[in-house]
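The sequence shown begins at 1 in the numbering used here and counts up by one.
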Amino acid sequence: MDHLCPEPKEDDTMNSSKPQFNYDGPIFDAHTHVVDLDDLAIQVRIGETYGVKKALLIVHGDVIKDVRERYPHKFIYAKYFSGWVLMGGEIDQAVKEAKVMREEGYLVAKMHFAPFWRTRLETDSTLSVDDSVLDPLFDCFRDNDIPVLIHISDPDTYYATRYPAEEFGTKDEHLQQFEHRMKKSDQVQFQIAHFGAQPEIHRLENLARWFHENPKLYVDTGSARWIARELSKDPIKAREFVTKYSDRILFGTDCVSRTDDVSYYDGRYLAERLLWETEIRNEPLPFTDADTQNSGGTFINGLALPENVLSRLYWENAEKLYLL
Ligand SMILES: [Zn+2]
């Protein structure tokens, strides 16, 4: 189970030409989810073929005990605080859960502030991430040294197609709300999912400012689709950015174990390793990107990152942050 570069497989329909990858050290996947235990076994197996030694696992449902038994040293665990709880204002309950999460085996809190909770909660009075109602929860994370993996916004493409501003607010507003939260809760250790929700080339400057203003801030590189699509649009700028901030970026796929379709997991790992390690140009994303399927598709332009940068993204930053 220890291959670093997957051998071409007979039944491989994802990508006919797998290039030689440049990195053969260990990989930490800093953003994965478990929903189904059997599917998790597939996620783990495919991850290992791409060099994944350990991962941060966001646990949905009550399966942490079973996962720990099956994989004693594979994961660090994140407790999931959904929008139901957070944006719906169930803060007392959340604080109660946060206080005992360490004893249950969780090291990290995952908070989910996507605009769609507004629709799911069927209300127009959802809390924003900087609302003072949430202060006790962030204070609890600070007081207990619990790092927070947080989802703060969504791709520009979603705002263009499914979040009318008059109903949901704008992406800039959502980013500003998080910035306000970072300032209020400046002792909390944040890992912002999805490249800080700002992999779009025109947003990199703002993310750079956040890195400068908050020396504790990290981002991860899930989802493969969103990150590969946007960074590939200007690989020179993207390469410069990732190299410059390579001590703040954690590799992550956002794989969710709720399917037994091997190509789902394979596609995400393959897409990211192509993006980070190769010089490939205009390589079709190895799976469908719903956001571009009617407008020409998504293509990967590799950043060919140097080895010292890769080892920070793939392992060293996680080692530092989560004391692996
Ligand atoms: Zn996720």
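Positions of the beta carbon are idealized from the N, C-alpha and C atoms, including for glycine.
| Asked | Found |
| --- | --- |
| If distances are taken between C-alpha atoms only, which option among His73, Asp36, Leu40 and Val52 comes closest to Ser61? | The sequence shown places Gly at residue 61, not Ser. If we check each option's Cα against that of Gly61, Asp36 comes out closest. |
| Mapping DSSP to helix, strand and coil, what is Tyr245? | coil |
| If we ignore side chains and look at the alpha-carbon of each, how far apart do Leu134 and Glu283 end up? | 43 Å |
| Taking Glu200 as the reference, which of Glu173, Lys237, Phe211 and Lys216 has the closest Cα? | Lys237 |
| Assign His212 to buried or exposed, taking buried as 16 or more other Cβ atoms, counted over all protein chains shown, within 10 Å of its Cβ. | exposed |
| Pick helix, strand or coil for Gln191, following the three-state DSSP scheme. | strand |
| Given this structure, state the Cα-to-Cα distance separating Lys320 from His180, to the nearest angstrom. | 26 Å |
| Check for me: the alpha helix (DSSP H) holding Met182 runs from which residue to which? | Lys171 to Lys184 |
| Just how far apart, CA to CA, sit Asp172 and Arg70? | 43 Å |
| If you draw a straight line from the alpha carbon of Val262 to that of Glu97, how long is it in whole angstroms? | 34 Å |
| Measuring CA to CA, which of Trp210, Gln189 and Leu285 is closest to Asn144? | Gln189 |
| May I have the straight-line CA-CA distance separating Phe21 from Tyr314, to the nearest angstrom? | 13 Å |
| Between Arg406 and the rest of its own chain, which residues show a CB-CB distance below 8 Å, the 5 nearest in sequence each way excluded? | The question about residue 406 has no answer here: the residues shown for the chain are numbered 1 through 324. |
| So is the beta-carbon of Gly222 under 7 Å away from any non-hydrogen atom of ligand 1? | yes |
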